[in-house]
Every structure is written in C-alpha cells, then in structure tokens.
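**Student:** Line by line, the protein sequences are chains A and B.
Here the first sequence stands for residues 1 to 112, where the numbers follow our numbering.
Here the second sequence stands for residues 1001 to 1114, where the numbers follow our numbering.
Attaching a single structure in structure tokens format; questions to follow.
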Amino acid sequence: EDKVVQSPLSLVVHEGDTVTLNCSYEVTNFRSLLWYKQEKKAPTFLFMLTSSGIEKKSGRLSSILDKKELFSILNITATQTGDSAVYLCAVEPGAGSYQLTFGKGTKLSVIP
Amino acid sequence: DVKVTQSSRYLVKRTGEKVFLECVQDMDHENMFWYRQDPGLGLRLIYFSYDVKMKEKGDIPEGYSVSREKKERFSLILESASTNQTSMYLCASSGGGTTNEKLFFGSGTQLSVL
C-alpha cells in the first residue's frame, strides 16, 4: 500500500522565521511528488518534483526531492502571515495513473 | 483560466436524507475525482472516473455512489446521509498530458449532517 507521511503535523512560527516541512513516501511505482498549499478553499499547486537533487524555487518557497532516501522538503524563508495554510504532499504513481496518494498535511501558522 | 466548480460551499442536511454534490469542470478533462478531507486524516479518495459512465472505487467508497453522465460533470451521491459523513468534500479533475498541476481542485463543499 502506498504511503505518504508528512511532518510535523502542525507548526507555529513567528513572521520572518524559516521553516522546513518534510514529506517521506513509500510507493510501489514513483512518477512525481507534488506539493499543494491549502488555505480556506481549494488546494493550489506549488511544485512538482520528478528528479533528485534539483531544487524547484518560487519566490520564498523552494523544494527538493531525494529519490534515494524517499523524501522531499519544502522550505519557506522569511515567513509571512499569508503563508499560514495546510501544506499537502502527494505522490503520483507511475504508468499514467492519476490516483495521487496524499499525506495528512502540515498545518503552518505564522503569527505576527 | 481553468475551473472546477462545486455547486454548494456549505450544506446542512438531516440524517437519512439523500444528498447530491455536484461538480463541473470546464477543461475537457477525462479524469474526475471526489475526495473527503477530515482533520487529522488528510484527503481520502472516495470515487474517481476516467471516462463518461465509468467509475472506480477509491479508498473509502462505502455509503457513497457517483454518476458521470457527461464528461464535464461528476456527481457524488449520499443515498442516506449519516452523521459520520459530515466532512469537507473536494472535487478535482485532471487531464494528464504535460500539465504540472496534475489535479485541479474545486473550492470544496462543507457538508454537515445533523
């Protein structure tokens, strides 16, 4: 059974702090790992990672994948209150299946 | 701009009622999904569909059924709602190909069963 584990489950930081969110996985076949941000509404796409060691970056957010150790991290630098959200990690199996396996999410709260 | 629209943002129903949750996508996607999201449990797949009139059970199909009569519309049906079906329901669609986003989500329906 495919499995995605995120840690920590929740985190409270002050504005300006840097945070690292973790995602480890066990899947039979692996095609990609995806990160989503979910505020009050629909999850929105952040990154898709397919290759080890290549950092994806968008503003203050970055992410990297380690396919040997089967994990990914999502970094947020200089956090802002607008970064408060649930961050979801999901793994896409191979062979054209779109049935993603999601982790339980990390709830990040950024306080002023 | 891509769009997945869920018909209701909030819904309150009584135990035993038949409940329909509607989802429409305007991206001509083949694949559509229904998830429920509960605190501490994350997103769990209820049903998905790869084509019109085609459906597959996900991880937690019990108590639910689905209908996909048209490509753009995927309905989730609770035949006899129960209190343990109180949850946030998220619809999603995907078309594969080269898109990096994989799943496009609707805004969710918060269902309360009293």
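Yeah, the Cβ is synthetic: ideal placement off N, Cα and C, and Gly gets one too.
Being a predicted model, the structure only gives us computed values, none of them experimental.
#1: Assuming the contact rule is C-beta atoms closer than 8 Å, B/Tyr1067 and B/Ile1077 should be a hit. Round their C-beta distance to whole Å, please.
#2: Counting Cβ pairs, one atom from each stretch, are 3 or more of them under 8 Å apart for the stretch 1040–1051 of chain B and the stretch 1003–1023 of chain B?
#3: Less than 8 Å between the C-beta atoms of A/Ala42 and B/Ser1075, yes or no?
#4: Do the CB positions of A/Glu39 and A/Pro112 come within less than 8 Å of each other?
#5: Run down chain A in chain order and give the residues with a C-beta less than 8 Å from the C-beta of B/Ser1067.
#6: Taking the beta carbon of A/Glu92 as the centre, do at least 16 other beta carbons fall within 10 Å, making it buried, or is it exposed?
#7: Would you check if the stretch 1019–1029 of chain B and the stretch 75–87 of chain A touch, i.e. whether three or more CB-CB distances between them fall below 8 Å?
#8: If you measure between the beta carbons of A/Val86 and A/Lys56, is that distance less than 8 Å?
#9: Flag B/Leu1043 as yes if its beta-carbon sits less than 8 Å from any beta-carbon of chain A, otherwise no.
#10: Can you tell me whether A/Met48 is buried or exposed, with buried defined as 16 or more other CB within 10 angstroms of its CB?
#11: If you draw a straight line from the C-alpha of A/Leu74 to the C-alpha of A/Thr20, how long is it?
#12: Can you tell me whether A/Thr79 is helix, strand or coil according to DSSP?
#13: Does any residue of chain A bring its CB to less than 8 Å from the CB of B/Ser1007?
**Tutor:** Put simply:
#1: The count along the second sequence starts at 1 and reaches residue 1067 of chain B at position 67. The count along the second sequence starts at 1 and reaches residue 1077 of chain B at position 77. Correcting the residue type first, residue 1067 of chain B is Ser in the shown sequence and not Tyr. Contact between B/Ser1067 and B/Ile1077 holds, since their C-beta atoms are separated by about 7 Å, short of 8 Å.
#2: The stretch 1040–1051 of chain B, when compared against the stretch 1003–1023 of chain B, does not touch it at the 8 Å Cβ threshold.
#3: If you number the first sequence from 1, residue 42 of chain A lands on position 42. If you number the second sequence from 1, residue 1075 of chain B lands on position 75. For A/Ala42 and B/Ser1075, no; Cβs fall outside 8 Å.
#4: Here residue 39 of chain A is taken as the residue at index 39 of the first sequence, counted from 1. Here residue 112 of chain A is taken as the residue at index 112 of the first sequence, counted from 1. In this structure, A/Pro112 does not lie closer than 8 Å to A/Glu39 by Cβ.
#5: Walking along the second sequence from the start, residue 1067 of chain B turns up at place 67. Against chain A, a Cβ distance below 8 Å from B/Ser1067 picks out nothing, because the smallest value is about 19 Å.
#6: By one-based count along the first sequence, residue 92 of chain A stands at place 92. Buried, since its Cβ has 16 or more Cβ neighbours within 10 Å.
#7: Contact between the stretch 75–87 of chain A and the stretch 1019–1029 of chain B is absent, because fewer than three Cβ pairs lie under 8 Å.
#8: Your numbering for residue 86 of chain A matches position 86 in the first sequence. Your numbering for residue 56 of chain A matches position 56 in the first sequence. At least 8 Å separates the beta-carbon of A/Val86 from that of A/Lys56.
#9: Translated into the one-based positions of the second sequence, residue 1043 of chain B becomes position 43. By this cut-off, B/Leu1043 is an interface position.
#10: Your numbering for residue 48 of chain A matches position 48 in the first sequence. By the neighbour-count rule (16 or more Cβ atoms within 10 Å), A/Met48 is buried.
#11: Stepping through the first sequence from its first residue, residue 74 of chain A is reached at position 74. Stepping through the first sequence from its first residue, residue 20 of chain A is reached at position 20. Spanning the two alpha carbons is a distance of roughly 6 Å.
#12: Within the first sequence, numbered from 1, the residue matching residue 79 of chain A stands at position 79. The answer is coil: DSSP assigns A/Thr79 none of H, G, I, E or B.
#13: The count along the second sequence starts at 1 and reaches residue 1007 of chain B at position 7. Closer than 8 Å: no.
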